[in-house]
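Student:
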Amino acid sequence: YVTKGLEKAAAPLSFTEYGRGPQGQNGWIIAQPERLGDVILARGQANAIQQFSYHLAVVVDDASQGVTCVTRGQDLFFATPLHCLLQALLGLQTPAYLHHALALDETGKRLAKRHDALSLKQFRTAGVQPEKIRELALAVLG
Numbered sequence: 299y300v301t302k303g304l305e306k307a308a309a310p311l312s313f314t315e316y317g318r319g320p321q322g323q324n325g326w327i328i329a330q331p332e333r334l335g336d337v338i339l340a341r342g343q344a345n346a347i348q349q350f351s352y353h354l355a356v357v358v359d360d361a362s363q364g365v366t367c368v369t370r371g372q373d374l375f376f377a378t379p380l381h382c383l384l385q386a387l388l389g390l391q392t393p394a395y396l397h398h399a400l401a402l403d404e405t406g407k408r409l410a411k412r413h414d415a416l417s418l419k420q421f422r423t424a425g426v427q428p429e430k431i432r433e434l435a436l437a438v439l440g
């Protein structure tokens, strides 16, 4: 399953960016999903169970939860035009977006669950005060 040709099925697409894209993009952004080429939305498996892509899953999940502003890292900024296209094709509202700089540790490694970065719960369990957590978050996000 690919989006090949689907960009013609939707009207001109745009989204509001409250944060900053990797090159400082901000405000009303024209989405150009045709620049993405073919994108896999699902894969059929030998046992006939389909695995849906991240892109399709987050669009449907955000809409089902009534999300009005998606906050995520700048590494996903260029996926937003595809998400706008999927929203249009599925008849879903396009939320606003806020892309932020990636949170990095002192070595420059991305803070992520898959890299065993500390969670807010771990900070709270360790007795770290909310003010200190906010201070750390601001320092990490620059």
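In terms of our numbering, the sequence shown is residues 299 to 440. Cβ atoms here follow ideal geometry from the backbone N, Cα and C, with glycine treated the same way. None of these values were measured; they are calculated from a predicted model.
(1) Tell me Ile312's beta-bridge partners as DSSP assigns them.
(2) Following a CB-centred definition, is Arg333 positioned closer than 7 angstroms to any heavy atom of the ligand GDP?
(3) So Thr314 packs on Ala377, CB below 8 angstroms; how close in whole Å?
(4) Flag this pair as yes or no: are the beta carbons of Pro428 and Leu383 separated by less than 8 angstroms?
(5) Whole angstroms is fine: what's the gap from Gly425's alpha carbon to Thr405's?
(6) How should Asp360 be labelled, buried or exposed, when 16 other C-beta atoms within 10 angstroms of its C-beta is the threshold for buried?
(7) Should the stretch 383 to 392 be called in touch with the stretch 355 to 370, which here means at least 3 C-beta pairs below 8 angstroms?
Tutor: The structure says:
(1) Position 14 of the sequence shown holds residue 312. The residue you asked about is not Ile; residue 312 is Ser in the sequence shown. In DSSP, Ser312 forms a bridge with Ile328.
(2) No copy of the ligand GDP occurs in the structure displayed, which carries no ligand at all.
(3) Working through the sequence shown from its first residue, we reach residue 314 at position 16. Working through the sequence shown from its first residue, we reach residue 377 at position 79. Not a contact, Cβ separation roughly 16 angstroms.
(4) To locate residue 428, count along the sequence shown from 1; it is residue 130. To locate residue 383, count along the sequence shown from 1; it is residue 85. Cβ distance not < 8 angstroms, so Pro428 and Leu383 don't count as in contact.
(5) The residue given as residue 425 occupies position 127 in the sequence shown. The residue given as residue 405 occupies position 107 in the sequence shown. Cα to Cα, the separation comes out at about 25 angstroms.
(6) Here residue 360 refers to the residue found at position 62 when the sequence shown is read from its first residue. Around the beta carbon of Asp360, a 10 Å sphere encloses 16 or more other beta carbons of the protein chains shown; the residue is thus reported as buried.
(7) yes
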